[in-house]
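Asks:
Residue numbers (this note's numbering): 732 to 795.
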């Protein structure tokens with residue numbers, strides 16, 4: 732279980748490092764990424780970006 736926690740922590744760390752680069756490339760602004768305001772906060776649900784990045788990760792996993 733500790734191994735999975737370490738993997739999740741490292742994945743979140745990498746995502747946070749690459750977020751500015753991904754925004755410059757246009758990720759997070761794709762059609763299907765939901766952005767709305769509710770309860771005094773702005774909410775962001777990146778559906779299309781998540782699907783696209785999952786597809787790229789699976790392709791890289793198959794190649795390796």
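For every residue, glycine included, the Cβ atom is placed at its ideal position computed from N, Cα and C.
1. Just how far apart, CA to CA, sit residue 734 and residue 742?
2. Under a three-way DSSP split, which group does residue 765 fall into?
3. Can you tell me whether DSSP reads residue 758 as helix, strand or coil?
4. Which residue marks the beginning of the alpha helix (DSSP H) containing residue 786, and which one marks its end?
5. What did DSSP end up calling residue 749 once you bin it into helix, strand or coil?
Replies: Taking the coordinates as given:
1. Sequence index remark: in the chain shown, residue 734 carries index 3 (1-based). Sequence index remark: in the chain shown, residue 742 carries index 11 (1-based). Rounded to whole angstroms, residue 734 to residue 742 spans 12 Å at the Cα level.
2. Taking the first residue of the chain shown as position 1, residue 765 is located at position 34. Shown here, residue 765 sits in a strand according to DSSP, grouped into three states.
3. One-based indexing of the chain shown puts residue 758 at position 27. It is coil, neither helix nor strand.
4. Here residue 786 corresponds to residue number 55 of the chain shown, with the count starting at 1. Here the alpha helix (DSSP H) through residue 786 covers 778-794.
5. By one-based count along the chain shown, residue 749 stands at place 18. It is helical.
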